[in-house]
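Peer 1: Keeping their order, the protein sequence lines are chains E and A.
Yeah, the first sequence ends on 224 if you go by the UniProt record's numbering, and it's all consecutive.
Yeah, the second sequence ends on 224 if you go by the UniProt record's numbering, and it's all consecutive.
Note that beta-carbon positions come from the ideal geometry of N, C-alpha and C, so glycine has one too.
These numbers were taken from a predicted model, which means no experiment stands behind them.
Protein chains: 2
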Amino acid sequence: MASRAPRPERREEPLSRERIVEAAIELLDTAGEGGLTFRALADRLATGPGAIYWHIAGKDELLTAATDAVVARALTPDPAGTQPQEAIRALALGVFDAMDAHPWIGTQLARAPAQSPLLRVFEGIGCQVQALGVPHAAQFTAASALLNYILGVGGQNAANARGHRPDTSRAEFLDTVSASWANLDPDEFAFTRSVAGQLRDHDDRAEFVAGIDLILTGITAHTG
Amino acid sequence: MASRAPRPERREEPLSRERIVEAAIELLDTAGEGGLTFRALADRLATGPGAIYWHIAGKDELLTAATDAVVARALTPDPAGTQPQEAIRALALGVFDAMDAHPWIGTQLARAPAQSPLLRVFEGIGCQVQALGVPHAAQFTAASALLNYILGVGGQNAANARGHRPDTSRAEFLDTVSASWANLDPDEFAFTRSVAGQLRDHDDRAEFVAGIDLILTGITAHTG
DNA sequence: ACCTGAACACCGTTCAAGT
DNA sequence: ACCTGAACACCGTTCAAGT
Chain E
1 MASRAPRPER REEPLSRERI VEAAIELLDT AGEGGLTFRA LADRLATGPG AIYWHIAGKD
61 ELLTAATDAV VARALTPDPA GTQPQEAIRA LALGVFDAMD AHPWIGTQLA RAPAQSPLLR
121 VFEGIGCQVQ ALGVPHAAQF TAASALLNYI LGVGGQNAAN ARGHRPDTSR AEFLDTVSAS
181 WANLDPDEFA FTRSVAGQLR DHDDRAEFVA GIDLILTGIT AHTG
Chain A
1 MASRAPRPER REEPLSRERI VEAAIELLDT AGEGGLTFRA LADRLATGPG AIYWHIAGKD
61 ELLTAATDAV VARALTPDPA GTQPQEAIRA LALGVFDAMD AHPWIGTQLA RAPAQSPLLR
121 VFEGIGCQVQ ALGVPHAAQF TAASALLNYI LGVGGQNAAN ARGHRPDTSR AEFLDTVSAS
181 WANLDPDEFA FTRSVAGQLR DHDDRAEFVA GIDLILTGIT AHTG
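#1: In angstroms with no decimal places, state the Cα-to-Cα distance between E:Thr67 and E:Gln108.
#2: Taking A:Gly163 as the query, report the chain E residues whose CB atoms sit under 8 Å from its CB, ordered along the chain.
#3: With distances taken between CB atoms, is the gap from residue 261 of chain E to A:Gln156 smaller than 8 Å?
#4: Secondary structure at E:Thr223, three-state DSSP: helix, strand or coil?
#5: Report the option in E:Leu146, E:Gln115, E:Arg111, E:Ala112 whose CA atom is closest to the CA atom of E:Cys127.
#6: Whole alpha helix (DSSP H) runs in the region 112-185 of chain E with 4 or more residues, listed along the chain?
#7: Would you please verify whether the beta carbon of E:Gln85 is less than 8 Å from any beta carbon of chain A?
#8: Keeping to the same chain, check which residues put their C-beta closer than 6 Å to that of A:Asp187; ignore five residues upstream and five downstream.
#9: Taking the alpha-carbon of E:Glu13 as reference, which of E:Gly32, E:Leu45, E:His136 has the nearest alpha-carbon?
#10: Between the C-alpha atoms of E:Leu28 and E:Ala110, what's the straight-line distance to the nearest angstrom?
#11: Quick one: what's got a C-beta closer than 8 Å to A:Val121's C-beta in the same chain, skipping five residues either side?
#12: Using only the alpha-carbon positions, how far apart do A:Leu216 and E:Gln85 sit?
#13: Would you call E:Trp181 buried or exposed, if buried means 16 or more other Cβ atoms sit within 10 Å of its Cβ?
#14: In this structure, how does DSSP classify residue 239 of chain A when only helix, strand and coil are distinguished?
#15: What span of residues does the alpha helix (DSSP H) with A:Asp68 cover, start to end?
#16: Considering just the uninterrupted stretch of the alpha helix (DSSP H) at A:Thr84, what are its terminal residues?
#17: Which residues in chain E sit within 9 Å of A:Ile150, going by Cβ to Cβ distance?
#18: What three-state label does DSSP hand A:Ser194 in the structure shown?
#19: What are the boundary residues of the alpha helix (DSSP H) that A:Pro49 is part of?
#20: Should A:Met1 be flagged as near chain E, meaning a C-beta pair shorter than 8 Å?
#21: Would you say A:Ser144 lies against chain E (beta-carbon separation less than 8 Å)?
#22: What residue from A:Val153, A:Ala138, A:Ser169, A:Gly154 has the CA that sits closest to E:Phe191's CA?
#23: So with CB distances below 8 Å, who are the chain A contacts of E:Glu22?
#24: Let me see if you follow: with CB-CB separation under 8 Å, is residue 238 of chain A close to chain E or not?
#25: So E:Asn183 contacts chain A; which residues on that side make the cut at Cβ distance below 9 Å?
#26: What did DSSP end up calling E:Leu27 once you bin it into helix, strand or coil?
#27: Looking at the structure shown, is E:Glu33 part of a helix, part of a strand, or coil, going by DSSP?
#28: So the candidates are E:Leu118, E:Gln115, E:Ile88; which of them puts its Cα closest to the Cα of E:Leu214?
#29: Let me know if E:His102 comes out buried or exposed under the rule of 16 or more other beta-carbons within 10 Å of its beta-carbon.
#30: So which residues on chain A does E:Ala66 lean against when the C-beta distance must stay under 9 Å?
#31: Check whether the Cβ of E:Gln108 lies closer than 8 Å to any Cβ atom in chain A.
#32: Is any beta-carbon of chain A found at less than 8 Å from that of E:Gly218?
#33: Could you tell me whether the Cβ of A:Gly133 comes closer than 8 Å to any Cβ of chain E?
#34: Between which residues of its own chain and A:Arg193 is the CB-CB distance below 8 Å, once the five residues before and five after are set aside?
#35: Might you give, ordered along the chain, the residues of its own chain that have their beta carbon closer than 8 Å to the beta carbon of E:Met99, omitting 5 neighbours on each side?
#36: Cβ atoms of A:Val129 and A:Ala142: under 8 Å apart, would you say?
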């Protein structure tokens, strides 16, 4: 009665770090954050769980490598000559879109110590902050603020993705949350109730950029 | 040879949801995010793992309840009559200090769906954003930006706390990271290298408020 | 050098049995 | 009603044995 697992593809190529990471990304995308186990991964690669350890030290390294690969793809170098503000928006949107397509990297980035690939994002933002003419002493704060905002959004995206069934549409989800906000106690949650409507109609991506722009306004306020 | 576990305190009071949550907070604080298991918790409460399930649905609910309790304590109502900007700073710092004392809530808040206790923070921020005179259409964006920034910082704090041994001092940790930044490839990480010094000397808490102020500047830029 | 898969030391969770 | 603790179905990880 035990149904056969979806038969693993014939393994022609030998195992490699890259094939393992690629399979892990697929598993995370299709089965969610809880779906990545060494056994499931080994099944997909038509091998035993132990084989993976020859190429990867452990689960932490696997998760980091998977996040690294996805973020690296998102960080295509922007065309030279763009204005700093536009370049920052492009960079941030690149990360946002990657987090939208692979919600699990939101969780992962929030957990990653200040190492690659987070550092690459920080570097990219920082360069443009410099280009904006922000005084040196304020550059660290400015770049950190932008990065932390991006990470916060990513975490929330990941949490929301975990929160509902993958088949419920975005609009459906927003409707549900919006309705629950509208039903909150008016004494305790006056503000939240008042923006419940905005939540229902909002566009995640536009909202995300609006936040970036808000911070950019703050960064450049004293710069001219 | 197996050393006795630190003997559980005599259990005089009956088990209760509150005692369980309190013990969970202690365990998370002392043993870290990985230290909270139903078995360890049961030991501390001088009972079996199954007993806990009579009071709490499962681990997710336990984690949520623990975070809820800690955040609730941090959100003491600020004295009436404070300026909105100051009230937002106080609110944010309350959350920051809580995350500093209990790094695991950084992870937890980043994971929490838009439910309590996150919602209470959002509500508090939103009220003050209203008080700032931000137009209604922009209030949601403004409050979200602040909240997401706070969550991002919390996630990084938690990641850093996980990253090093609990006995290494803050200064030691910053020294290590700063040194590793200073050793990065100058071609790829010019900006990051240039702020390595600022990282070593910075004050987390002051840096956090500086970020809040940056966003507040952006929020009020078009308001007068 | 690389792969295999049984085995180990854990988890969260359940549940029959007790009081 | 509440507690107990063995048992179940998992995990990540290791490792002797194979090729």
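Peer 2: Judging by the given coordinates:
#1: Against the first sequence, residue 67 of chain E aligns to sequence position 67. Against the first sequence, residue 108 of chain E aligns to sequence position 108. Approximately 7 Å between the Cα atoms of the pair.
#2: Counting from one through the second sequence, the residue named residue 163 of chain A turns up at place 163. At a beta-carbon threshold of 8 Å, the residues of chain E lying near A:Gly163 are Pro113, ordered along the chain.
#3: There is simply no residue 261 of chain E to check, as chain E begins at 1 and stops at 224 in what is shown.
#4: In the first sequence, counting from the first residue as 1, residue 223 of chain E sits at position 223. Residue state for E:Thr223 is assigned as coil, using DSSP reduced to three classes.
#5: Residue numbering aside, residue 127 of chain E sits at position 127 when the first sequence is read from its first letter. With distances taken between Cα atoms, E:Cys127 lies closest to E:Leu146.
#6: As far as the region 112-185 of chain E is concerned, its whole alpha helix (DSSP H) runs of at least 4 residues are 118-131, 136-163, 170-182.
#7: Position 85 of the first sequence, counted from the first residue, corresponds to residue 85 of chain E. Residue contact check for E:Gln85 against chain A: no CB pair falls below 8 Å.
#8: As a first step, residue 187 of chain A is located in the second sequence; it is residue number 187 there, counting from the start. Cβ within range, chain order: n/a, list empty.
#9: On the first sequence, residue 13 of chain E is found 13 positions in, with the first residue counted as 1. Considering only alpha carbons, the answer is E:Leu45.
#10: On the first sequence, residue 28 of chain E is found 28 positions in, with the first residue counted as 1. On the first sequence, residue 110 of chain E is found 110 positions in, with the first residue counted as 1. Rounded to whole angstroms, E:Leu28 to E:Ala110 spans 16 Å at the Cα level.
#11: In the second sequence, residue 121 of chain A corresponds to position 121, counting from 1. Taken in chain order, the residues that qualify are Val71, Leu75, Leu91, Val95, Leu147, Ile150.
#12: Looking up residue 216 of chain A in the second sequence gives position 216. Looking up residue 85 of chain E in the first sequence gives position 85. A:Leu216 and E:Gln85 have their C-alpha atoms some 19 Å from each other.
#13: Position 181 of the first sequence, counted from the start, is the residue given in the question as residue 181 of chain E. So E:Trp181 ends up on the buried side.
#14: No answer is possible for residue 239 of chain A: the residues shown for chain A start at 1 and end at 224.
#15: Taking the first residue of the second sequence as 1, we reach residue 68 of chain A at position 68. Looking at the DSSP string, the run of the alpha helix (DSSP H) that includes A:Asp68 is 59-74.
#16: In the second sequence, the residue the question calls residue 84 of chain A occupies position 84. First, the residue type needs correcting, since residue 84 of chain A is Pro and not Thr in the sequence shown. That run of the alpha helix (DSSP H) goes 84-101.
#17: Taking the first residue of the second sequence as 1, we reach residue 150 of chain A at position 150. Asn148, Gly152, listed in chain order.
#18: Here residue 194 of chain A refers to the residue found at position 194 when the second sequence is read from its first residue. The three-state reading of DSSP puts A:Ser194 in helix, counting H, G and I together.
#19: As a working mapping, residue 49 of chain A is identified with position 49 in the second sequence. Counting along the chain, the alpha helix (DSSP H) containing A:Pro49 begins and ends at 49-52.
#20: The sequence position of residue 1 of chain A within the second sequence is 1, counting from 1. Only weak support exists for where A:Met1 lies, its pLDDT of 41 falling under 50; the value from the coordinates is given anyway. By this cut-off, A:Met1 is not an interface position.
#21: One-based indexing of the second sequence puts residue 144 of chain A at position 144. Answer yes: the Cβ-Cβ gap between A:Ser144 and chain E drops below 8 Å somewhere.
#22: Against the first sequence, residue 191 of chain E aligns to sequence position 191. Of A:Val153, A:Ala138, A:Ser169, A:Gly154, the residue nearest in Cα terms is A:Ala138.
#23: Counted from its first residue, the first sequence places residue 22 of chain E at position 22. Contact note: E:Glu22 does not reach chain A at a C-beta cutoff of 8 Å; the least C-beta distance is about 24 Å.
#24: It is not possible to answer for residue 238 of chain A, since the shown part of chain A is limited to 1 through 224.
#25: Here residue 183 of chain E is taken as the residue at index 183 of the first sequence, counted from 1. Within 9 Å Cβ-Cβ: nothing; E:Asn183 doesn't reach chain A, min ~12 Å.
#26: Against the first sequence, residue 27 of chain E aligns to sequence position 27. Helix, per DSSP.
#27: Taking the first sequence and counting its residues from 1, the one referred to as residue 33 of chain E is at position 33. In this structure, E:Glu33 counts as helix in the three-state DSSP scheme.
#28: Counting from one through the first sequence, the residue named residue 214 of chain E turns up at place 214. When C-alpha distances from E:Leu214 are compared across E:Leu118, E:Gln115, E:Ile88, the shortest belongs to E:Ile88.
#29: Here residue 102 of chain E refers to the residue found at position 102 when the first sequence is read from its first residue. E:His102 is buried by the Cβ-count criterion.
#30: Looking up residue 66 of chain E in the first sequence gives position 66. The contacting residues do not exist; E:Ala66 stays about 17 Å from chain A at best.
#31: In the first sequence, the residue the question calls residue 108 of chain E occupies position 108. Taking 8 Å as the CB threshold, E:Gln108 stays off the interface with chain A.
#32: Translated into positions along the first sequence, residue 218 of chain E becomes position 218. E:Gly218 counts as touching chain A.
#33: Translated into the one-based positions of the second sequence, residue 133 of chain A becomes position 133. Not an interface residue.
#34: Translated into positions along the second sequence, residue 193 of chain A becomes position 193. Cβ within range, chain order: Trp181, Ala182, Leu184, Pro186.
#35: If you number the first sequence from 1, residue 99 of chain E lands on position 99. Excluding the 5 residues flanking it on each side, E:Met99 has same chain C-beta neighbours closer than 8 Å at Ile105, Gly106, Leu109, Val153, Gly154, Asn157, Ala158, in chain order.
#36: Locating residue 142 of chain A in the second sequence gives position 142, where the first residue counts as 1. Locating residue 129 of chain A in the second sequence gives position 129, where the first residue counts as 1. Between A:Ala142 and A:Val129, the C-beta spacing is below 8 Å.
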